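Chains as they are written, first to last, in our numbering: chain W, 1 to 153; chain B, 1001 to 1122.
Down below is the structure, laid out as structure tokens.
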């Protein structure tokens, strides 16, 4: 099966909303944009590489508010105020779970391998993973938001 | 007695240990240790006999399949579950070939984790 961009988009949208819901949260897909490169400029950015059955990258971007909300949900509602190592670990794991969930939906004949997540975080952060044209999915998460960019080689 | 049972969670993401520990503590499992990867886990099992080990698949340096293979070389009767976001058939098959009978996908509900842990311990 040759994975089309549309297939991956749909899989990422469905996976994101399902995984978020497992933590007692609700998100909705807002829009998709075309990007000239695979990039993210949020407070915390997580990249996962795809290889073997599907080559490309997934890059998730989270403002601090979304990061705390998601990881708080993962920890059963624990109040969090700082993006510390545990929050970063949580976001890496959330992106891992979401990507793994998306990959299963593609029903690929060949094994699609995911790399462990890599994080880049800080103020005024801008990360560009690839100059290849990419697409970015925007999600609303209550009063905050996050995005997931992706590209296929 | 559940509080005498020793469980080891192997995962490069510490939050998975925290999530699992919280759930398992609530039902009576008191010793839930953490290894951030395969190398650390192999050292820990030298010093402690764990009733059950939970292992992720996607980890840097040494993935879960290699980790489990090396654990079973040291302790062939070790009870292990795979706790992973990787649900593709190839990984399930590889795990079964190693003799792993229990495979739980992340994200998991507390009920799913408890059920899988208890079944694996039987």
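For glycine and all other residues, C-beta sits at the position ideal for the given N, C-alpha and C.
What you are looking at is a predicted structure, and each value in this text was computed from that prediction instead of being measured.
Span separating the alpha-carbon of residue i from that of residue j
{"i": "residue 1/W", "j": "residue 109/W", "result": "Annotation note: pLDDT 48 at residue 1/W (below 50); position unreliable, no value reported."}
{"i": "residue 1106/B", "j": "residue 1021/B", "result": "15 angstroms"}
{"i": "residue 1013/B", "j": "residue 4/W", "result": "31 angstroms"}
{"i": "residue 15/W", "j": "residue 129/W", "result": "22 angstroms"}
{"i": "residue 54/W", "j": "residue 1028/B", "result": "43 angstroms"}
{"i": "residue 1110/B", "j": "residue 153/W", "result": "38 angstroms"}
{"i": "residue 147/W", "j": "residue 59/W", "result": "8 angstroms"}
{"i": "residue 87/W", "j": "residue 121/W", "result": "11 angstroms"}
{"i": "residue 92/W", "j": "residue 1052/B", "result": "25 angstroms"}
{"i": "residue 1088/B", "j": "residue 1117/B", "result": "21 angstroms"}
{"i": "residue 32/W", "j": "residue 1090/B", "result": "32 angstroms"}
{"i": "residue 1061/B", "j": "residue 10/W", "result": "31 angstroms"}
{"i": "residue 124/W", "j": "residue 43/W", "result": "7 angstroms"}
{"i": "residue 1120/B", "j": "residue 1011/B", "result": "18 angstroms"}
{"i": "residue 1005/B", "j": "residue 1025/B", "result": "11 angstroms"}
{"i": "residue 107/W", "j": "residue 119/W", "result": "28 angstroms"}
{"i": "residue 80/W", "j": "residue 68/W", "result": "6 angstroms"}
{"i": "residue 35/W", "j": "residue 131/W", "result": "10 angstroms"}
{"i": "residue 1008/B", "j": "residue 1046/B", "result": "13 angstroms"}
{"i": "residue 78/W", "j": "residue 6/W", "result": "36 angstroms"}
{"i": "residue 1003/B", "j": "residue 27/W", "result": "38 angstroms"}
{"i": "residue 1036/B", "j": "residue 1063/B", "result": "11 angstroms"}
{"i": "residue 23/W", "j": "residue 1112/B", "result": "14 angstroms"}
{"i": "residue 1076/B", "j": "residue 127/W", "result": "45 angstroms"}
Contact list for residue i against chain B, beta-carbon separation under 8 angstroms
{"i": "residue 96/W", "result": "1013, 1058, 1085 and 1106"}
{"i": "residue 83/W", "result": "Near residue 83/W there are no residues of chain B at all, since even the closest Cβ is about 13 angstroms away, more than 8 angstroms."}
{"i": "residue 86/W", "result": "1014, 1015 and 1018"}
7 angstroms Cβ cutoff met for residue i and residue j
{"i": "residue 61/W", "j": "residue 45/W", "result": "yes"}
{"i": "residue 1056/B", "j": "residue 1023/B", "result": "no"}
{"i": "residue 1086/B", "j": "residue 100/W", "result": "yes"}
{"i": "residue 25/W", "j": "residue 73/W", "result": "yes"}
{"i": "residue 1038/B", "j": "residue 1067/B", "result": "yes"}
{"i": "residue 116/W", "j": "residue 1069/B", "result": "no"}
{"i": "residue 40/W", "j": "residue 149/W", "result": "yes"}
{"i": "residue 64/W", "j": "residue 83/W", "result": "yes"}
{"i": "residue 30/W", "j": "residue 138/W", "result": "yes"}
{"i": "residue 1071/B", "j": "residue 1094/B", "result": "no"}
For residue i, the nearest candidate out of the options (CA to CA)
{"i": "residue 1096/B", "options": "1081/B, 1110/B and 1019/B", "result": "1081/B"}
{"i": "residue 140/W", "options": "59/W, 66/W, 23/W and 38/W", "result": "66/W"}
{"i": "residue 1034/B", "options": "1026/B, 1025/B and 1044/B", "result": "1044/B"}
{"i": "residue 1138/B", "options": "1088/B, 1031/B and 1042/B", "result": "Here chain B covers residues 1001 to 1122 and nothing more, so residue 1138/B does not appear."}
{"i": "residue 113/W", "options": "42/W, 107/W and 49/W", "result": "49/W"}
{"i": "residue 1049/B", "options": "1036/B, 1078/B and 1061/B", "result": "1078/B"}
{"i": "residue 103/W", "options": "79/W, 38/W and 51/W", "result": "51/W"}
{"i": "residue 12/W", "options": "133/W, 95/W and 85/W", "result": "95/W"}
{"i": "residue 1001/B", "options": "1030/B, 1015/B and 1063/B", "result": "1030/B"}
{"i": "residue 142/W", "options": "8/W, 20/W and 7/W", "result": "20/W"}
{"i": "residue 133/W", "options": "126/W, 151/W and 118/W", "result": "151/W"}
{"i": "residue 18/W", "options": "80/W, 30/W, 98/W and 78/W", "result": "98/W"}
{"i": "residue 206/W", "options": "1015/B, 1003/B and 1008/B", "result": "For chain W, the structure presents residues 1 to 153; residue 206/W sits outside this window and is missing."}
{"i": "residue 1017/B", "options": "1115/B, 1108/B and 1122/B", "result": "1108/B"}
Contacts of residue i in chain W (Cβ-Cβ under 8 angstroms)
{"i": "residue 1088/B", "result": "103, 104, 108, 111 and 112"}
{"i": "residue 1016/B", "result": "93"}
Partner residues on chain B for residue i, Cβ-Cβ distance less than 7 angstroms
{"i": "residue 125/W", "result": "Here the premise fails: no neighbours, minimum Cβ distance about 21 angstroms."}
{"i": "residue 155/W", "result": "A question about residue 155/W goes unanswered here, because the residues of chain W that appear run from 1 up to 153."}
{"i": "residue 49/W", "result": "Correct list: empty, because the minimum Cβ distance to chain B is about 11 angstroms."}
{"i": "residue 19/W", "result": "1107"}
Contacts that residue i makes with chain B (C-beta to C-beta distance below 9 angstroms)
{"i": "residue 13/W", "result": "Simply none; closest approach about 17 angstroms."}
7 angstroms Cβ cut-off: residues of chain W touching residue i
{"i": "residue 1022/B", "result": "76"}
In chain order, which continuous runs of the alpha helix (DSSP H) of length 4 or greater are located wholly inside the stretch 108 to 150 of chain W?
none
I'd like the ranges of any alpha helix (DSSP H) spanning at least 4 consecutive residues and lying wholly in the stretch 7 to 93 of chain W.
64 to 74
Just to confirm the assignment: which complete beta strand (DSSP E) runs, minimum length 3, are found wholly within the stretch 1037 to 1111 of chain B?
1052 to 1055, 1080 to 1084 and 1102 to 1105
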